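Numbered according to the working numbering, the sequence shown spans residues 4 to 739.
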Amino acid sequence: MPNSIPNLAHYLRAMGNLPDDYAALRHALALSQAFTTIAPAEGLALPLHTGILERLTLQEYAWGRLARQGAVAVQSLATNLTHKELAALLRGLIRNRASTEATWLLAQLGRSDTLDALVQDALVLQAELGMLSPDFTVHLRRAFDDAERRHRSRTLVTLLDSAAEIGARLLSAGEIAALLVAWNAHTPVLLALLRYAAALRLEELIEPLRTYLNASSGAQPALRLALVNTLGAIGGLDCPLLDAFAARLAHEPTPTRLLRDIIAALRAPSPPPTTKGLKIAQCMFLGRIGQAGKGDSGGLGVFLAALGDALAQTPGIAQVTTLVLLNGPAEDDPPLTFDHGKGHTVVHIPVYGQTLTQYQMMVQATPIRIAIEQALRALGIEPDVFHVRYADHGSRAAVQIAKKWGKRAVYTLTADPHRRLLPAFAKENVKGLEAKTLTFELTRALIADQIVALTDGFVGMPTSEGPDALRAYFPQLILDPATRAKPLVLIAEGIQLGEVAPPEQQQDSTLLHGMCRFESCQQGYRLDPSFEARPVMLNVGRLHPVKQQSLLVEAWVESGLWRTYNLTLVGGNLETPNAVERAMQARIEATFARYPEARGCFCFLPALSNAEVRRLERTLILSLPTTLPHVYVCSSFKEEFGIAVLEAMDAGLLVFGPRMGGLSSYITPGENGFLMDTSNAAEIGAALAATLQGNVISPHRLHAVAAAGQRTVRERFDIRVTAQAFADFYHRCVSS
């Protein structure tokens, strides 16, 4: 039957239980895998105008199955493929655990970061399955020599990390010593050489590396830390060496605190916790604790900070460690660890290199795994449960450590990146950055499935659809018996409740007037003092396209709401913005270039601490009474749960948020808040204006809705209740 898989997908979608075409396609493929009733070649028999997402997904399935069945050689499949298609082929080989000629895999290196990461994963999988040929190391060495001759440093790093993961004898100790000299100006290659030496336990390097360390004053902290870690792995680290190194660090003008702290931990390991109970590691691999709104730091950091504190005080929990990836040395020179609350420690995992976006995690997968393992061992921390929350290579690395150590792993399931992929269903092709992004997000979908296979239990965020919202994008939760047997629970996130002490009048005045004269307010984005007494529309979060602040500004202006409400955005590093933040600022400025008359009603504040944000929200309610209510607008296309929304409701603000995601689990439109279509500025503006400017809902009723929202949070979302639910689930996973 031609086009069987697409037809099956259309049938499943028509049945009404799946939310979109991509979910239906994943179920169709899972069914065909489970029952093997559809020949894989039919996945390639596609109509002429098939969308790019459907085409790549079906090619991934079909090519992988054909290779697994031995029906066709991979080399013949790879003829004249585009970059997107080659990535689909590699994902298909990995998904289907298909045998692949290693020489062909090695020949694909150097084309892109995504392909390099997929090739490394494929090589490691081949080794695990015993599929590498006896002469594999010969081919690996040829590829290494060729990359060195061409000075292809990125390929050298991939080859070294692949050899380290596989345990392949690629280089001798003498060759490594010579390469450390030859590549002394290229830190990524030096670090990869040291990772390889540590993985292969090359004891012959002990004396050369001790000499290198003793003469390393002035070298990059990344290199010095790698030398220490490598010596520890190969048995060359002893107390006299550590003592001498620590003494030198004490007299150096600018050693990083991270390096000093790691040396101190190695010299005097921390004793294990004396409290009986589980030891939990919660992983936060995007952003930083205490820096919500800057870069990639968002509501998760606020949530994990509060959850960690509450979990540590929950019966049956002995220790909570929050692992934070750090692109060190960071500008603020943070410590290796700090106590966030009693029994709750934040550990900064130093991964030196480029800024650790999810994309960069893909090419730093091996360094991340090694850094997590080394930091935990140095600190004497051995968690019973690792909890990961993102579909990325950092999360997969943490889960791999859990499996290696014989521990449990828990995964918070969300439809990410799956929902982000949906626009590609309607496009026949994509190019440039859009193609790069699509390829990366499809790779993340593969990573999500790998994490699902490795973890021991799943947490979902409550939505109006319940667990079906997760099963829609993860058909293995239904069709795979092993996955279906793993526990799955829906747990609502929570916040720290409790009244913020009312500020004194002077503090009160400072907070409100600060929106007009705040010294860090971006130039040109201060409220005109004559508008100071108007109601405020507030938005808090990292300055990022997924948060859609630029659409909110456009909606506020074009709907005419600027004549009634002041708009205040809080978020972003406005003094030294990254590329994403600069692009968002440019979009916002483009709106004001068209509507300069609205500029005096807009305030743009940099990221504030969570305590400062909550103080501002309470102050608006307590000290600036207005006829129309102050409102909080979450403008994200989708919000999985919305910690910032809960905090705004707790303060008494009237909240608006997206229909997509988890807000529907606690917001009943018109009763305790409002949900809206946030797909574009026109929809956002229309929804806000209809509620706030129309005559349908009175100001008195709007204030009543805000008060109902406050009651909802205080009755249902205490962080202590959330912590108990997580603790119960962790115990369930450990005992199962």
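Glycine is no exception: its CB is placed at the ideal position from the N, C-alpha and C atoms. From a predicted model like this one, the values you see are computed outputs, not experimental measurements.
query                                                                                                                                                                               : result
Mind checking which residues open and close the alpha helix (DSSP H) that includes ASN217?                                                                                          : 209-217
Given LEU197, which residues of its chain have a CB within under 7 Å of its CB, disregarding the five upstream and five downstream residues?                                        : ALA229, LEU230, THR233
At the level of alpha carbons, what is the spacing between LEU269 and ILE494?                                                                                                       : 38 Å
Could you pull out every unbroken alpha helix (DSSP H) segment of at least 4 residues lying fully inside the segment 127-177, listed in chain order?                                : 139-152, 156-169
Can you list, in chain order, the residues of its chain whose CB lies under 7 Å from that of GLN509, leaving out five sequence neighbours each side?                                : Unreliable positioning characterises GLN509 in this predicted model, as indicated by a pLDDT of 45, which lies under 50. The coordinate reading is nonetheless provided below. None.
Leaving out five residues before and five after ALA589 in sequence, what residues of the same chain have Cβ atoms less than 8 Å from its Cβ?                                        : none
Residues in the same chain with beta-carbon distance under 7 Å from GLU206, minus the five sequence neighbours each way, listed in chain order, please.                             : ILE237, GLY238
Using CA coordinates, which residue listed in GLN727, HIS396, ILE646, LEU656 is at the minimum distance from GLY304?                                                                : ILE646
Alpha helix (DSSP H) containing ASN232: first to last residue?                                                                                                                      : 224-236
Considering only C-alpha positions, which residue in the set TYR528, LEU261, SER219 is nearest to PHE248?                                                                           : SER219
Closest by CA to LEU128, which one among LEU289, LEU96, LEU92, GLU444?                                                                                                              : LEU96
Which residue or residues does DSSP assign as beta-bridge partners of CYS606?                                                                                                       : THR571
Does the segment 531-541 come close enough to the segment 622-630 to have 3 or more Cβ pairs within less than 8 Å?                                                                  : yes
Starting from ASN542, follow its DSSP beta bridges and name the residues at the other end.                                                                                          : LEU572
Please name the residue in ASP395, THR214, GLU643, TRP66 whose C-alpha comes closest to that of LEU89.                                                                              : TRP66
Out of LEU555, TYR568, ALA558, ARG545, which one is the CA nearest neighbour of ASP531?                                                                                             : TYR568
Are the segment 711-722 and the segment 260-275 touching, with three or more C-beta to C-beta distances below 8 Å?                                                                  : no
Decide if the segment 669-681 is in contact with the segment 653-661; the criterion is three or more beta carbon pairs, one per stretch, under 8 Å apart.                           : yes
In terms of residues, what are the limits of the beta strand (DSSP E) holding ALA654?                                                                                               : That residue, ALA654, is in no beta strand (DSSP E); its alpha helix (DSSP H) goes 646-654.
Give the single residue among GLU468, THR340, GLN316, THR103 whose Cα lies nearest to the Cα of SER136.                                                                             : THR103
Given a threshold of 16 other Cβ atoms within 10 Å of its Cβ, counted over all protein chains shown, does ALA394 qualify as buried or as exposed?                                   : buried
Can you grab the Cα-Cα spacing for the pair ALA271 / ASN576, in whole Å?                                                                                                            : 37 Å
Rounded to whole angstroms, what's the CA-CA distance from GLU131 to GLN453? Just pull it up for me.                                                                                : 15 Å
On a Cα-Cα basis, can you pick out the residue from PHE605, ALA451, VAL634, ILE320 that is closest to PRO702?                                                                       : VAL634
In terms of DSSP beta bridges, what is ALA412 paired with?                                                                                                                          : PHE389
Kindly list the residues whose CB is nearer than 7 Å to the CB of ARG487, restricted to its own chain and excluding five residues on each side of it in sequence; keep chain order. : LEU480, ILE481
Between the beta-carbon of ARG100 and the beta-carbon of GLU63, is there less than 8 Å?                                                                                             : no
Quick test of the definition: if touching needs 3 or more C-beta pairs under 8 Å, does the segment 279-293 touch the segment 313-323?                                               : yes
According to DSSP, simplified to helix, strand and coil, what is PHE521?                                                                                                            : Residue placement at PHE521 is flagged as unreliable, the pLDDT there being 47, under the threshold of 50; a coordinate-derived value is accordingly withheld.
Any idea which residues DSSP pairs THR82 with across the strands?                                                                                                                   : According to DSSP, THR82 bridges with nothing at all.
Is it buried or exposed for LYS434, if we count other Cβ within 10 angstroms and need 16 for buried?                                                                                : exposed
Within this structure, are the beta carbons of ALA451 and LEU56 separated by less than 8 Å?                                                                                         : no
Enumerate in chain order the residues of its own chain whose CB-to-CB distance from ASP419 is below 7 Å, with the five nearest sequence positions on each side excluded.            : ALA394
Helix or strand or just coil, what does DSSP make of PRO353?                                                                                                                        : strand
Note down, in chain order, each residue of its chain lying with its Cβ closer than 7 Å to the Cβ of VAL402, except the 5 sequence neighbours on either side.                        : PHE389, VAL391, ALA412, ILE454, LEU457, THR458
What are the start and end residues of the alpha helix (DSSP H) that includes LEU625?                                                                                               : 613-626
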